[in-house]
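Undergrad:
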Amino acid sequence: MHIGNKVIKNLKKELSNRDWNRYMKNLTYSPEESNNHVAQFYVPNILLAKWIKTKYKFQLAHLFELETKLKTHILVSPKQEKSPENEKKKFNNIHKKNQQNSTILNPSYTFESFIVGSSNQFAYTTAKSVSEKPGSIYNPLFIYGGVGLGKTHLIQAIGNHQILLGQKVIYTTFEQFMNKFTSHLRAKTMDRFREHFRECDILIIDDIQFLSGKEKTQEEFFHTFNELHQAKKQIIITSDRQPHKIKGLVDRLKSRFEWGLMADIQPPELETKIAIIQKKCEIDGIDLNQDIINFLASNMGNNIREIEGAIIKLNAYAGLMNQTLTLEFAHNVIKDQLIEKQKNISIDDIVTFISKELNLKFSDIKSKKRTRIVVRARRIAIYISRNITSSSMPQIAVYFGMKDHTGVSHAMKKVSETMDSDNNFKVFLEEIINKINQHSKIKN
Ligand code: ADP
Ligand code: MG
């Protein structure tokens, strides 16, 4: 066996299934182009090549050294298809342009590996349109939503798509942007900083919520934003909340963000969670039976990163203990991570409670009656049901006799808006939720 292939085999032993399947599966060694000092590897595209060079170069070199006692220089290149001359040019261009990217993008974050459900449909669709026509329709694109719901995945999917088209993409977290800014400021090399950011075709800034109190960085970002926007370069931003809820965001940036399009990602529906878990298992080469998948989806929280962590943990345990995965085994392994859901609170309980609290008839809240007071009570009931029961939006829609989940989603939005604008209402709602929770504890 060629030494390089042996190294690949050894590397496989050191990596998790997940990393192997995501990044290395298609790594090949080229003996013809290698010698005692240089090892040439190929992967299908530039995204993977960059990722492997950054993350695994030393590990590969080390494995060579173990075999040959020689220092080996590792080369990882994207496979060059035998293509016409202009294709080649485009390809070289991609290579050159993307050499100075700030942070490399995870090649497994693509649109294909992103599962779409009603919770992220809008964000997905807008991200897709932006990746097809960057800089022209929604600029900036502002995606917001809770932790682990797929924001970074989605924006890196746009970035990856654009890199393959030969665009220069800069991806950075707000924190990295700030650190870079501070060090250039200190080194008096601000022109280089500015040049770097203004030379890109697409600027992606992740997790902008951390900007509070960083006025100087915000000001610099404001200028970067304006120049790129004027030059019709696409800007993509994420945050865990909407701009007007980010503490310390300066007004002029806030208004810039509002020029573009806001898209939110909501916690995934059960069906979407199941589909995501299935997809992850498929990509990562992990074999979980449907019972376990359903169990994870319905008993873990909405943070997909945590669910992924649980899948990996389960798989690793099963491997170590040489056990097949049973539901019971799964339950034991991840019992600390299971959420305690108030399964015993039903939508009926919530409507009963609200009807008493607001002095309304139970049947009115459940009916289609449109008086202002009843509509308000119904919205509250919907909001609370979605938050403290495990009912999905479609299930809640059925309960309230609505055509589909859009009515539920509308009610949720209205309640959130009122909470934002009216603090008394917010306090009132929190009290009701507390009381319902108390009540259910007594009931148990
Ligand atoms: P965020 O940036 O919102 O905190 P991430 O984008 O880092 O979340 O997502 C956390 C993990 O969950 C990632 O591994 C991502 O691939 C996965 N994930 C989240 N949503 C989806 C989805 N809809 N389809 C596939 N994977 C998803
Ligand atoms: Mg993120």
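Residue numbering for the sequence shown follows our numbering, starting at 2 and increasing by one per position.
Quick reminder that beta carbons are idealized off the backbone N, C-alpha and C, glycines included.
Can you have a look at Ser-410 and say buried or exposed, based on whether 16 or more other CB atoms are within 10 angstroms of its CB?
TA: Per the 10 Å Cβ criterion, buried.
Undergrad: Near Gly-261, what residues of its chain come up, given a Cβ to Cβ distance below 8 Å and the 5 sequence neighbours on each side ignored?
TA: Answer for Gly-261: Tyr-139, Asn-140, Pro-141, Leu-142, Phe-143 and Ile-236, listed in chain order.
Undergrad: With 16 as the cutoff for other CB atoms within 10 Å, does Val-234 come out buried or exposed?
TA: A small fix is needed here, since residue 234 is Lys in this sequence, not Val. Per the 10 Å Cβ criterion, buried.
Undergrad: Got a sec, what are the start and stop residues for the beta strand (DSSP E) Gln-81 sits in?
TA: Here Gln-81 belongs to no beta strand (DSSP E), and DSSP marks it neither H nor E.
Undergrad: Name all residues in chain order for which at least one heavy atom of the ligand MG lies closer than 7 Å to the residue's CB.
TA: Going by the Cβ distance cut-off, the answer is Lys-152, Thr-153, Asp-207, Asp-208 and Thr-239.
Undergrad: Excluding the 5 residues flanking Ile-293 on each side, which residues of the same chain have their C-beta closer than 7 Å to its C-beta?
TA: So the qualifying residues of the chain are Leu-326, Leu-328 and Ala-331.
Undergrad: Which residues mark the beginning and the end of the alpha helix (DSSP H) in which Gly-146 is found?
TA: Segment 142–146 is the beta strand (DSSP E) holding Gly-146; no alpha helix (DSSP H) there.
Undergrad: Is any heavy atom of the ligand ADP found at a distance shorter than 7 Å from the C-beta of Arg-387?
TA: Arg-387: no, Cβ never under 7 Å from the ligand ADP.
Undergrad: Please report the residue range of the alpha helix (DSSP H) in which Gln-291 lies.
TA: Counting along the chain, the alpha helix (DSSP H) containing Gln-291 begins and ends at 291–300.
Undergrad: Label Ala-378 either buried or exposed according to how many other C-beta atoms from any shown protein chain fall within 10 Å of its C-beta, with 16 as the threshold for buried.
TA: Buried, since its Cβ has 16 or more Cβ neighbours within 10 Å.
Undergrad: If you drop the 5 nearest sequence neighbours on each side, which residues of the same chain put their C-beta closer than 6 Å to that of Leu-289?
TA: So the list reads Cys-282, once near-sequence residues are dropped.
Undergrad: Look up Thr-190 in the DSSP assignment and say whether it is helix, strand or coil.
TA: Thr-190 falls in the coil class under three-state DSSP.
Undergrad: Quick one: give me the first and last residue of the alpha helix (DSSP H) that Leu-49 is part of.
TA: Its alpha helix (DSSP H) spans residues 47–69.
Undergrad: Tell me which same chain residues have a C-beta within less than 7 Å of the C-beta of Ser-120, skipping the five on either side of it?
TA: These residues qualify, in order along the chain: Ile-266, Gln-267, Pro-268, Pro-269, Glu-270 and Thr-273.
Undergrad: Say the cut is 7 Å; is the CB of Ile-159 nearer than that to a heavy atom of the ligand ADP?
TA: No, the beta carbon of Ile-159 sits no closer than 7 Å to any heavy atom of the ligand ADP.
Undergrad: Report the three-state DSSP secondary structure of Met-2 (helix, strand or coil).
TA: Coil at Met-2, not helix or strand.
Undergrad: Given a threshold of 16 other Cβ atoms within 10 Å of its Cβ, counted over all protein chains shown, does Ile-247 qualify as buried or as exposed?
TA: Buried, because 16 or more other Cβ atoms sit within 10 Å of the Cβ of Ile-247.
Undergrad: If you compare alpha carbons, which of Phe-123, Ala-158 and Thr-104 is closest to Tyr-110?
TA: That would be Ala-158, whose Cα lies nearest to the Cα of Tyr-110.
Undergrad: Please list, in chain order, all residues of the same chain as Trp-21 whose beta carbon is under 7 Å from its beta carbon, the five residues on each side excluded.
TA: Counting only Cβ-Cβ distances below 7 Å, and skipping sequence neighbours, we find Lys-13.
Undergrad: Rounded to whole angstroms, what's the CA-CA distance from Asn-102 to Val-170? Just pull it up for me.
TA: Unreliable positioning characterises Asn-102 in this predicted model, as indicated by a pLDDT of 47, which lies under 50. A coordinate reading is not provided.
Undergrad: For the stretch 302–313 against the stretch 351–370, do three or more pairs of beta-carbon atoms, one drawn from each stretch, fall closer than 8 Å, so that the two count as touching?
TA: No, the stretch 302–313 does not touch the stretch 351–370.
Undergrad: Name the residue from Arg-373, Gln-60, Asn-300 and Gly-160 whose alpha carbon lies nearest to the alpha carbon of Lys-333.
TA: Checking the sequence, you will find Asn at residue 333 rather than Lys. The residue with the shortest Cα to Cα distance from Asn-333 is Asn-300.
Undergrad: For Gln-60, which residues from the same chain have a beta carbon less than 8 Å from its beta carbon, with the 5 sequence-adjacent residues on both sides left out?
TA: Hits under 8 Å: Leu-12 and Glu-15.
Undergrad: Any heavy atom of the ligand ADP closer than 7 Å to the beta-carbon of Ser-393?
TA: No, Cβ of Ser-393 sits at least 7 Å from all heavy atoms of the ligand ADP.
Undergrad: Which residue marks the beginning of the beta strand (DSSP E) containing Ala-264, and which one marks its end?
TA: Unbroken beta strand (DSSP E) run through Ala-264: 262–266.
Undergrad: Determine, using beta carbons only, whether Leu-49 and Tyr-24 come nearer to each other than 8 Å.
TA: Yes, the pair counts as a contact, with Cβ atoms nearer than the cut-off.
Undergrad: Let me know the secondary structure DSSP gives Gln-447 once reduced to three states.
TA: Lying outside 2 to 445, the shown extent of the chain, residue 447 is not represented and no answer is given.
Undergrad: So for Asp-207, helix, strand or coil by DSSP?
TA: Strand.
Undergrad: Return yes when at least one heavy atom of the ligand ADP lies under 7 Å from the C-beta of Lys-280, else no.
TA: Correct: Lys-280 has its Cβ closer than 7 Å to the ligand ADP.
Undergrad: Nearest to Thr-174 by CA position, among Phe-211, Met-191, Ile-284 and Pro-395, is which residue?
TA: Closest by alpha carbon: Phe-211.
Undergrad: Identify the residues that DSSP records as bridge partners of Thr-173: which are they?
TA: Answer is Ile-206.
Undergrad: By DSSP, does Ser-137 sit in helix, in strand, or in coil?
TA: Note: Ser-137 maps to coil in three-state DSSP.
Undergrad: Check whether the Cβ of Arg-23 sits closer than 7 Å to any heavy atom of the ligand ADP, and report yes or no.
TA: Arg-23: no, Cβ never under 7 Å from the ligand ADP.
Undergrad: Could you tell me which residues DSSP pairs with Ile-277 in its beta bridges?
TA: Beta-bridge pairing links Ile-277 to no other residue.
Undergrad: To the nearest angstrom, how far is it from the Cα of Lys-414 to the Cα of Gly-249?
TA: Taking the straight line from one Cα to the other gives about 24 Å.
Undergrad: Could you tell me if the beta carbon of Glu-113 falls within a distance shorter than 7 Å of some heavy atom in the ligand ADP?
TA: No, the ligand ADP has no heavy atom inside 7 Å of this Cβ.
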